[in-house]
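Residues 0 to 204 in numbering that gives the first Met the number 0 are what the sequence shown lists, from first letter to last.
Following: one structure in structure tokens, then a few remarks.
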Amino acid sequence: MKIPIFPLSIVIYPNSQYPLHIFEERYKKMVNKCSDEASGFGIVSKIKDEISQIGVFVEIKSISKPYGSGEFDIVVKGSWRFTRLDLEIHPDGYFMSEVKKYDDRLTKFDIDLFIELKSKVKEILTQVNYNLNPNFWEKLENSNLKSFKIAEKSGLTLVQQQELLTIKEENKRMHYLIDHFEKLTEKLEKNMAMRKIILGDGYLN
């Protein structure tokens with residue numbers, strides 16, 4: 000399968016919703032084409048000028064009216080992960096790639112691990128005296144990929160977000176996040192610093 004590719008300095012997770020501002024001419028064309036065809040595109044993280052191999056196919060949920068400059072805003076929702084097999088340039092200037100799906104290995108979900116992870120999240124939120132939108136907790140309980148939902152509010156670096164995206168088992172991702180939160184708790188010095196980490200994620204609840 001060949002799809003358009005949008006390299007960005009972010010990681011989108013399956014089921015996550017994220018707002019994007021589209022201003023480059025080539026990506027305006029790409030988004031409009033995808034919208035006209037009721038299709039989507041792949042988002043891959045760009046880390047130190049390197050385009051990652053593992054990304055997420057996203058669907059366009061909404062498009063705003065264009066501004067006077069022709070720029071516009073969209074909201075995308077992550078669908079499935081893929082491995083990028085190549086990279087070529089479309090005549091309109093954006094990237095295209097042949098991709099194959101990057102699915103999880105089937106393992107039994109560890110509910111005790113999830114309870115421990117959720118406890119770590121709430122512990123940090125209590126320390127900084129911050130309450131997440133109830134919407135977040137509702138979506139977390141209903142999600143079949145709970146690690147990715149928690150990762151939205153985890154304060155992971157871009158490199159860590161990409162590492163998490165590449166892990167193929169839900170239990171291993173939860174272990175990764177528990178380790179991260181334990182280290183984060185140790186480094187917690189100022190409430191406002193942690194609040195900025197939690198709030199500065201960009202994901203839509």
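From the three backbone atoms N, C-alpha and C, an ideal C-beta is built for every residue, glycine too.
Three-state secondary structure assigned by DSSP to D72: strand
Buried/exposed call for S118, threshold 16 Cβ in 10 Å: exposed
Outcome for H20 when other beta-carbon atoms lying within 10 angstroms are tallied against a minimum of 16: exposed
Three CB pairs or more closer than 8 Å across the region 0–14 and the region 149–161: yes
Buried or exposed (CB count within 10 angstroms, at least 16 for buried), Q126: exposed
Range covered by the alpha helix (DSSP H) that runs through M29: 24–35
Same chain only: Cβ atoms within 8 Å of R104, ignoring 5 sequence neighbours per side: K167, E168
Within 8 Å, strictly: CB atoms of D85 and S96: yes
Paired residues, beta bridge with L7 - DSSP: S44
Residue environment, Y66, which counts as buried when at least 16 other CB atoms sit within 10 Å: exposed
From K152, T106, F147, residue whose alpha carbon lies closest to that of K121: K152
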